[in-house]
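Mapped onto this note's numbering, the consecutive letters of the sequence shown carry residue numbers 5 to 473.
Glycine residues also receive a C-beta, built at the ideal position from the N, C-alpha and C atoms.
Quick notes on the structure that follows.
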Amino acid sequence: MPNPFSERLLLHVIREIKNGSTKSKEELINDILQKCFYTDSNANNQCEDQGRNQNADEAQFKKQFNEQARDQIDGHIDDQIEIAKNYLNFLFEETDVADVKPPLVKFLKPCTDCDSPSDCERACPTNAIKINDEGIRIINEDYCIECGYCVHACIGGVLAERSDIAKVAQLLFNASTGESIYAILAPSFVGQFGPGITPEQIVGALKILGFSDVYEVAMAADIITTLEAKEFVERYHSQDPFMITSCCCPAFMRLIEITLPSLTAVVSNSVSPMIALGRLLKRSEPDCRVVFIGPCTAKKGESKLPDMKGAIDCVLTYKEMSLIFEVSDIGNLNTMPEISLSNASHDGRIFAHTGGVTQAIKRAVQGIDPECKIVAVRGNGIKECNELLKQRLAGMLKANFMEGMACINGCVGGPGTLIDSSLGANYVNKHAKQADYLETLENLPALDFFRRTASTEELLSSKRRLSAK
5 MPNPFSERLL
15 LHVIREIKNG
25 STKSKEELIN
35 DILQKCFYTD
45 SNANNQCEDQ
55 GRNQNADEAQ
65 FKKQFNEQAR
75 DQIDGHIDDQ
85 IEIAKNYLNF
95 LFEETDVADV
105 KPPLVKFLKP
115 CTDCDSPSDC
125 ERACPTNAIK
135 INDEGIRIIN
145 EDYCIECGYC
155 VHACIGGVLA
165 ERSDIAKVAQ
175 LLFNASTGES
185 IYAILAPSFV
195 GQFGPGITPE
205 QIVGALKILG
215 FSDVYEVAMA
225 ADIITTLEAK
235 EFVERYHSQD
245 PFMITSCCCP
255 AFMRLIEITL
265 PSLTAVVSNS
275 VSPMIALGRL
285 LKRSEPDCRV
295 VFIGPCTAKK
305 GESKLPDMKG
315 AIDCVLTYKE
325 MSLIFEVSDI
335 GNLNTMPEIS
345 LSNASHDGRI
355 FAHTGGVTQA
365 IKRAVQGIDP
375 ECKIVAVRGN
385 GIKECNELLK
395 QRLAGMLKAN
405 FMEGMACING
415 CVGGPGTLID
425 SSLGANYVNK
435 HAKQADYLET
445 LENLPALDFF
455 RRTASTEELL
465 SSKRRLSAK
């Protein structure tokens with residue numbers, strides 16, 4: 005599981021930024037550690053009182069936390085403080101270095117405690133976690149697909165993933181430049197922030213929080229589906245009609261690059277909908293800031309790829325976004341005004357669950373060339389994806405199109421989600437049925453926005469890293 009204090013540390017970070025803290029990084033880290041580990045209950049009650057849910061009993065929460073924390077860390081407090089301090093330093097590391105992609109997942113202290121294979125080793129689908137000659141677990145970045153499974157499997161809480169939460173809090177609470185800040189919501193966002201809270205209320209909450217406007221990434225999924233459908237039609241009439249969609253899942257793309265790089269030749273040429281929408285917004289307004297909010301750890305890594313950099317400024321999971329909502333003064337989400345969100349089709353919205361991309365591409369292909377026949381396979385989870393890729397390489401896969409999702413049930417099952425994946429899929433399907441358009445080719449406003457703003461070449465990838473070498 006993630007470090008038991010990570011959520012609490014993040015809440016303190018957001019609160020300090022919201023309150024306009026001018027402390028140095030070192031002062032801020034020491035102050036947060038003091039509040040988390042040393043301060044008496046009365047002072048902590050005052051601290052928590054400003055950020056916790058108004059319906060919660062603050063004193064009781066703090067009392068229970070202190071008792072639980074002491075039980076958990078009795079005899080190990082120095083280790084826990086070291087882990088917490090390293091996590092905060094990791095949080096504040098500079099990552100915007102030209103042509104350098106920072107590691108997404110990191111051990112917060114040397115890990116030698118667990119028997120091998122440890123839970124994190126078993127969780128890693130590419131064997132990226134190894135024990136070095138000194139008996140310490142390390143992550144081989146060349147084999148990490150950034151799925152985040154290891155962080156959630158770690159029972160010691162010493163693995164952590166990078167977070168942009170401090171940057172987003174700074175943009176929302178302390179921005180003074182007047183630049184536009186856009187929130188772009190992954191198709192799986194529906195239902196993530198509580199039962200009965202509508203998509204329109206989420207938009208209202210984000211705008212009250214400080215975002216200039218809110219867009220569905222599903223709108224860009226409509227655009228990318230159209231491009232990929234055209235590419236499939238071209239491949240269908242060529243010598244080798246097989247195509248792997250590159251639409252959604254960066255962890256799936258990394259799996260191909262790492263384990264079967266020869267298959268990058270049959271990966272579609274388009275960037276992901278997240279990158280596409282970021283590029284379109286930046287093309288339209290170069291100085292704007294774009295924050296992606298979604299279910300995925302690997303999206304954080306994708307946004308930092310050298311050939312993708314600049315499209316997305318920050319990536320938050322739903323879990324991280326919920327912490328910002330918690331600290332903000334906007335109140336309960338179910339009291340938010342409803343602001344319409346109608347810029348995506350049904351087929352763009354169903355990208356969020358396994359099979360959605362295939363359905364969207366099939367319908368678009370039929371609209372472009374009814375003679376084309378798609379025979380599709382879907383990899384549901386990284387294990388299935390790996391098996392299907394090996395079948396393709398061996399010439400045993402009886403299909404001409406493959407969709408791959410690293411997470412079981414698709415993006416609704418991502419590590420940054422807040423609800424069960426089956427429930428999330430139901431919410432997604434309900435939201436999709438409310439769309440103004442059924443298929444991507446019908447979403448003329450989105451396609452017109454694309455044609456006015458950018459060229460097709462700007463939404464093509466360089467086939468990530470390995471294929472470009």
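Give the secondary structure of residue i by DSSP, where H, G and I count as helix, E and B as strand, and everything else as coil.
i      : result
SER326 : helix
TYR219 : strand
ALA164 : strand
ASN430 : helix
LYS29  : helix
VAL319 : strand
ASP61  : Residue placement at ASP61 cannot be trusted, given a pLDDT of 43 that sits under 50; what the coordinates show is reported in the next sentence. The answer is coil: DSSP assigns ASP61 none of H, G, I, E or B.
TYR91  : helix
ILE18  : helix
ILE81  : helix
PHE296 : strand
LYS113 : coil
ILE496 : Given a span of 5 to 473 for the chain in the structure shown, any question on residue 496 remains unanswerable.
ASN338 : helix
SER10  : helix
ASN23  : coil
LEU303 : Leu is not the amino acid found at residue 303; the sequence shown has Lys there. If DSSP states are grouped into helix, strand and coil, LYS303 belongs with the helices.
LYS39  : helix
SER465 : coil
GLU375 : coil
GLU86  : helix
ASN34  : helix
At which residues does the alpha helix (DSSP H) containing residue i begin and terminate?
i      : result
VAL172 : 169-178
CYS154 : 153-157
ALA209 : 203-213
VAL194 : No alpha helix (DSSP H) holds VAL194; DSSP gives it neither H nor E.
LYS308 : Careful: LYS308 lies outside any alpha helix (DSSP H) and carries neither H nor E.
GLU98  : Here GLU98 belongs to no alpha helix (DSSP H), and DSSP marks it neither H nor E.
HIS350 : 350-353
ALA127 : 123-127
Ends of the beta strand (DSSP E) at residue i?
i      : result
VAL361 : Here VAL361 belongs to no beta strand (DSSP E); instead the alpha helix (DSSP H) covers 360-372.
ASN384 : 380-384
ILE135 : 133-135
ILE188 : 185-189
Excluding the 5 residues preceding and the 5 following residue i in the sequence, name in chain order all residues of the same chain whose CB lies nearer than 6 Å to its CB.
i      : result
GLN363 : none
ALA127 : TYR153, CYS154, ALA157
ILE354 : GLY360, ALA436
THR321 : GLY420
THR457 : LEU284, ARG287, SER288
SER272 : GLU232, GLU235, MET247, THR249, SER250
ASP217 : TYR186
ARG258 : ILE149
PHE193 : none
Can you give the Cα-Cα distance for residue i and residue j, rounded to whole angstroms?
i      : j      : result
PHE9   : VAL155 : 14 Å
VAL237 : ALA380 : 14 Å
TYR147 : ALA132 : 5 Å
LEU32  : GLU446 : 51 Å
ASP333 : ALA410 : 36 Å
CYS252 : GLU138 : 39 Å
LEU210 : ALA187 : 8 Å
ILE212 : SER242 : 51 Å
LYS387 : CYS151 : 13 Å
VAL275 : LYS313 : 12 Å
Go through its chain and collect everything with a Cβ distance to residue i's Cβ below 8 Å, but skip five positions before and after it.
i      : result
GLU443 : SER349, HIS350, ASP351, ALA364, ARG367, ALA368, GLY371
THR99  : PRO106, ARG166, LYS308
LEU267 : ILE248, ILE260, LEU393, ARG396, LEU397
GLY198 : LEU337, ASN338
Taking 7 Å as the limit between beta carbons, can you name the residues of its chain near residue i, skipping five residues before and five after?
i      : result
LYS110 : PHE94, ALA164
PHE454 : ILE227, LEU284
ASN90  : LEU112, LYS113
GLY24  : ASN178
MET325 : ILE297
ALA280 : ALA224, ILE227, ILE228, LEU463
THR358 : ARG382, ASN384, MET409, ASN413, GLY414
At a threshold of 8 Å, does residue i count as lining the ligand FMN (C-beta to nearest heavy atom)?
i      : result
ASP424 : Judged by which ligands are present, the structure shown has none, so any question about the ligand FMN falls away.
Is there a Cβ of chain B sitting closer than 9 Å to that of residue i, yes or no?
i      : result
VAL294 : Judged by its chain identifiers, the structure shown contains no chain B, having just a single protein chain.
#### Entry: Complete alpha helix (DSSP H) runs within the segment 223-292 (minimum length 4 residues, chain order)
The segment 223-292 contains these whole alpha helix (DSSP H) runs: 254-263, 277-288.
### Task
Output the residue ranges of the alpha helix (DSSP H) runs that lie fully inside the segment 383-463 and measure 4 residues or longer, sorted by chain position.
Considered as a whole, the segment 383-463 harbours 386-397, 425-437, 448-457 as its complete alpha helix (DSSP H) runs of no fewer than 4 residues, in chain order.
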